Each structure stands twice: as structure tokens, then as C-alpha cells.
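Novice:
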Amino acid sequence: MQQLKRQIDEIDKQIGQEMGRLRSSVKAEYAAAQGEESALRQAVAELRGQAFDAEGSNIEYSILKRDVDTNRQLYDGLLQRYKEVGAATDTRANNITIVDPAQSANRTKPNLRQNLIRGLLLGALLGVLAAFLLDFLDDRLKSPQDVEQKLRLPVLGVIPKLGAKERIADVAGDPRSSFSEAYRSVRATLQFSTDHGVPRTLLVTSSGPGEGKSTAALTLARNFAQLGKSVLLIEADLRNPSLHRALGLEDRSVGLSNLLSGASTLTETLRATEYERLSVILAGPLPPNPAELLSGSKLVSLLTVSIERFDQIIIDGPPVLGLADAPILANVTDGTLLMVDAAKTRIRPAQAALKRLLAARARVVGALLSKYDAHTAGYGYGYGYGYQYGTYKTNEDKPRLGRS
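The sequence shown begins at 39 in the numbering used here and counts up one residue at a time.
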């Protein structure tokens, strides 16, 4: 019996040792699988960013190729016409000789009156033709009708073009200016842009740079704060940020890039502004890989946590074309507002930008037309009169939006 018991104990010991080896082997395989999963996730994120970049390049290539084909056809047509004119004007020698030169009975005199009338009529005709030609060749989105017809987006507001001596900081601080009235109208229109009212997280972007994204984001944030809402403004352009200058906040040592990389917390990145109930997260140090930072899970976590602390979140985003950043931001926000500069934005780039946003499953709530000149665009009564109604304030000191 004792020998049998020793054999049983020995077998139990061997079983325990074998189970320990198996447990260690399974743990090692599990750790290796976790590492492989992490590497695959990183590879998928990199490939997703490369796919966005490739899509933008393909769109730009298609636009340029279409322009080349059009110019080539125009050149071929002009060359053929040139050859036809050259053939028609080709003269051949003849055998006619002049015996005596003809003499007029009376000296001819130029008819100044008739020549002047002809010159005036010809000049007027050429001027009209030139005006029509320039208007035909101008492919900018100059009016709300252009935006609605070419982009098929609702125009949520029209921001008037400022005068030569007007500054954004001055007119935005004047509640009775046409500029302020226009943004109040946009704020009201956003209430009806979705079934749930104003999108809690709203991205402001455009097809290209310099089309008024940062100005619109700041002014909208300030307008919502004036309603008594707590507002968070995020400077999400991690390549060429400009919002911090409008706010007079030059210290960018800590910002969104630090937060997304895990180097700082939300509390450390939040900055107060001179406007009550308006906080801001600046871009921070410019990272070498903005698209990778934005495509990570920390951006979604930031928006989720911020929604619990703030009533409204407005994101000043980068331009759409040529970058993967804006589609990534548009995919995780409740709504996207597309800026259109009436003096700059062209039809094809705007259409390409909208196509990229929709491909990223963005919820584009509408467009905002800025720098609109009702007199030159020839648009209807509503926009021209409505935004001029409040401009009766005299030249006095006005409150300013921010430091210059």
C-alpha cells in the first residue's frame, strides 16, 4: 500500500509539473498573439491613412487630367482654324499691271462723326462680350444659388464681405453689424439642421486653406457661449493652426497633440479665454504624424468625455483636399459645416472636397458662404437687404473680438 501511495504521489507530481509547463506555454502563446494583434492594428491604421491620402491624390489627378484634355482640344481647334485662315488669305501673283494711277475728282476727307459712332458702338460691344466671357470663365461659387446648384447642399448662412477699412475683430464685436447678424442667423439655422437640433460636436472645414474656417469656428463658438451654453473650441488643424492667434494665446506648449499622444490630460490642455463660458484646446506642438494621432481611439474618448462637460463642441479643422485629417474628424463628429469663400472657392475643388467627406461617412449639415458681395454677385433681395438692416451704428469705438 505504501509503495502504491508513493507511485500515486509521483504521478500527481508529474501531472502538476506537466500542467505548469502547459500553463507557461499557453501564456507565452497568448502574449505573442497580443503582440501580433497590436502590430496588425497599427498596420491597419497606417494603411487607412495611406488610403485616404491616395484617394485625395487620385481626385486631384483626375481634375488635372480633365483640364489637360480640355486645353488640348481647345489648342487643336485653334490650330486648325489658324491653318484655314492662312489658306484663305494665300494670294497668288497675277498679270495685271497699272498703266496710270487713278485720280479722285475731289480730295477725300475722314468722316469724324461716323468714325466716332462706329468706334463707340464697337467698344460697347466688345465690353459686353468681354464681360460675358469673364463671367463664363469664372468658376467660383459666388452666390447661394451656385452653392445649392453645384454642391446640392443647403446654405445655412451668408457672411457679407467686409469693407476695405473694416476688421473682423471690430465687426464681430459689434452686435448690430451685418457680420454679427449673419452669424446669429447661422446659429439659429443650425437649430434645424438635424432632427436633434444643433449637432453637439460640429466640425468646421473647407476644401482648401484660407477660406475662413478658423474665423467661422471662433465666431460660432462665441455666439453659442452668448446663449449661456458652455462651449469647447478645439483647434484640430495640426499642420497649420491659426486659431491661437485670433485668441491671443501664443503659448502652444501643451495642446491637442499632447492629449492625443497621451502626454497630457484634458484638464492640463484646457485653456480659458476672455469670453465667458468659452474654453479652448489649442493644437499644441505640431506632430510629424497628424493623421495617425487623429485616427486613434483617444480622439473619440476626448469627444465622449467633453460632451459630458460641455453643452457644445466646435472643432476648427484642417482643409479637406490633400490631407486625410479632415475626413477622419468628420467621421467621428455629429455634423460637418463646409465653408465656401465667395471670392476664392472654385466649383471642382469644392465638389471634390464634398465627395471625400461623404466617402468618410460625414454628416454634412450644410455650407456657409463667406465674403459674399450682393452687389457684384447680383443676388436677390433677401440676402442684400436683410444683412444691411442692422448697419446703422456710427463710427464709434466698438468692442473687439480678439487681440491682433
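Yeah, the Cβ is synthetic: ideal placement off N, Cα and C, and Gly gets one too. Predicted model, so just to flag it, every value in this text is computed and none were measured.
Using DSSP with H/G/I as helix, E/B as strand and the rest coil, what is GLY404?
Specialist: GLY404 falls in the strand class under three-state DSSP.
Novice: How would you call GLY355, buried or exposed, if buried means at least 16 neighbouring beta carbons within 10 angstroms?
Specialist: Buried, because 16 or more other Cβ atoms sit within 10 Å of the Cβ of GLY355.
Novice: For VAL106, name the three-state secondary structure that DSSP assigns.
Specialist: Correct three-state label for VAL106: helix.
Novice: As a quick exercise: from ASP372, GLY334, SER339, pick the residue whose alpha carbon is nearest that of ILE352.
Specialist: When each option's Cα is compared against that of ILE352, the closest is ASP372.
Novice: Report yes or no: do the region 357-365 and the region 386-395 share at least 3 C-beta pairs separated by less than 8 Å?
Specialist: Enough Cβ pairs lie closer than 8 Å, so yes.
Novice: For ARG225, which residues in the same chain have their Cβ closer than 6 Å to its Cβ, ignoring the five residues on either side in sequence?
Specialist: Answer for ARG225: ASN261, listed in chain order.
Novice: Taking the straight line between their C-alpha atoms, what separation do you get for ILE49 and LEU60?
Specialist: The straight-line gap from Cα to Cα measures roughly 16 Å.
Novice: By how many angstroms is the C-alpha of ALA405 removed from the C-alpha of GLU186?
Specialist: One C-alpha to the other measures close to 9 Å.
Novice: For the beta strand (DSSP E) containing GLU273, list its first residue and its last residue.
Specialist: First-last of the beta strand (DSSP E) with GLU273: 269-273.
Novice: Per DSSP, what kind of secondary structure is TYR120 in: helix, strand or coil?
Specialist: Three-state DSSP puts TYR120 in a helix.
Novice: Measuring CB atoms only, is the region 252-260 touching the region 279-290, in the sense that at least three cross pairs come out at less than 8 Å?
Specialist: With the cut-off at 8 Å, the region 252-260 and the region 279-290 touch.
Novice: With a threshold of 16 other CB atoms inside 10 Å of the CB of ALA66, please say whether the residue is buried or exposed.
Specialist: Classification of ALA66: exposed, given that the 10 Å Cβ count is below 16.
Novice: Quick one: any contact between the region 242-252 and the region 213-221, if contact means 3 or more CB pairs under 8 Å?
Specialist: No: fewer than three Cβ pairs fall under 8 Å.
Novice: Rounded to whole angstroms, what is the Cα-Cα separation between ILE319 and PRO326?
Specialist: Those two C-alpha atoms are separated by around 19 Å.
Novice: Starting from ASP208 and walking both ways along the alpha helix (DSSP H), at which residues does that stretch end?
Specialist: Counting along the chain, the alpha helix (DSSP H) containing ASP208 begins and ends at 206-211.
Novice: Does DSSP put ILE49 in a helix, a strand or coil?
Specialist: Helix.
Novice: Excluding five sequence neighbours on each side, which residues of the same chain lie with their C-beta closer than 8 Å to the C-beta of GLU84?
Specialist: These residues qualify, in order along the chain: GLU330.
Novice: Nearest CA to the CA of LYS267: which residue from VAL236, GLY94, ASP177, ASN278?
Specialist: Comparing Cα positions, the closest option is VAL236.
Novice: Where does GLN111 sit, in a helix, a strand or coil, going by DSSP?
Specialist: It is helical.
Novice: Measuring alpha carbon to alpha carbon, tell me which of SER408, ASP363, ALA397 ends up nearest ASP379.
Specialist: Ranking SER408, ASP363, ALA397 by Cα distance to ASP379 puts SER408 first.
Novice: Suppose the cutoff is 6 Å on Cβ atoms and the five residues either side in sequence are ignored; what does the same chain contact list for THR239 look like?
Specialist: For THR239, where only same-chain residues beyond five positions count, the Cβ hits under 6 Å are LEU341, ILE351, THR371, ASP372.
Novice: One question on the structure: do LEU445 and LYS251 come within less than 8 Å of each other, judged by their Cβ atoms?
Specialist: The structure shown does not extend to residue 445, since the chain is modelled only from 39 to 442, so the question has no answer here.
Novice: Could you pull the DSSP bridge partners for THR303 from this structure?
Specialist: Partner(s): none; THR303 has no beta bridge.
Novice: Can you find the residues in the same chain that come closer than 8 Å, C-beta to C-beta, to ASN278, ignoring five residues on each side of it along the sequence?
Specialist: Here the set comprises PRO247, PRO356.
Novice: Where does GLY195 land, buried or exposed, given buried means 16+ other C-beta within 10 angstroms?
Specialist: Result: buried.
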